[in-house]
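These notes concern the structure reproduced below.
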Amino acid sequence: MTLSLRSAALAAVILFMPATASGAEKRFGLTSFETIEVTADHIVEVTTRAPVSAVATGPQDALDRLILETRDGRLVIGER
15 MTLSLRSAAL AAVILFMPAT ASGAEKRFGL TSFETIEVTA DHIVEVTTRA
65 PVSAVATGPQ DALDRLILET RDGRLVIGER
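Each residue of the sequence shown is one higher than the one before, starting from 15 at the first, in my numbering.
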């Protein structure tokens, strides 16, 4: 799935992974992007604000597999 953002340069992305008993948090610093590509089964919430960043919450093992990076103007969210 790919989402286009009008104000992507100021977007903060929050990822929610299926939670188990305990939820951990991982933060990502990002460069600006214009679209979001989600290649794994995650719930993504986009909020416009500066600076561009992302926060993922969920079980630690799921966070360890999470890939979140910008490529050619796209924010790519997936797993290893």
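Think of the CB as a built atom: it goes at the ideal place given N, C-alpha and C, for glycine as much as any other residue.
All of these numbers come straight from a predicted model, not from anything done at the bench.
Proximity below 7 Å, CB of residue i to CB of residue j
| i | j | result |
| --- | --- | --- |
| A68 | F47 | no |
| G37 | T61 | no |
| R79 | E93 | yes |
Which listed residue (the options) has its alpha carbon closest to that of residue i
| i | options | result |
| --- | --- | --- |
| A64 | G87, K40, L44 and I81 | L44 |
| H56 | V66, T49 and I81 | I81 |
| L89 | E59, V52 and A76 | V52 |
Range of the contiguous beta strand (DSSP E) that encloses residue i
| i | result |
| --- | --- |
| L44 | Careful: L44 lies outside any beta strand (DSSP E) and carries neither H nor E. |
| R88 | R88 to E93 |
Unbroken alpha helix (DSSP H) run spanning residue i, endpoints
| i | result |
| --- | --- |
| A76 | Q74 to R79 |
Pairwise C-alpha distance: residue j and residue i
| i | j | result |
| --- | --- | --- |
| D86 | V66 | 16 Å |
| Q74 | I91 | 17 Å |
Sequence-distant residues of the same chain with beta carbon closer than 6 Å to residue i, five excluded per side
| i | result |
| --- | --- |
| E83 | V90 |
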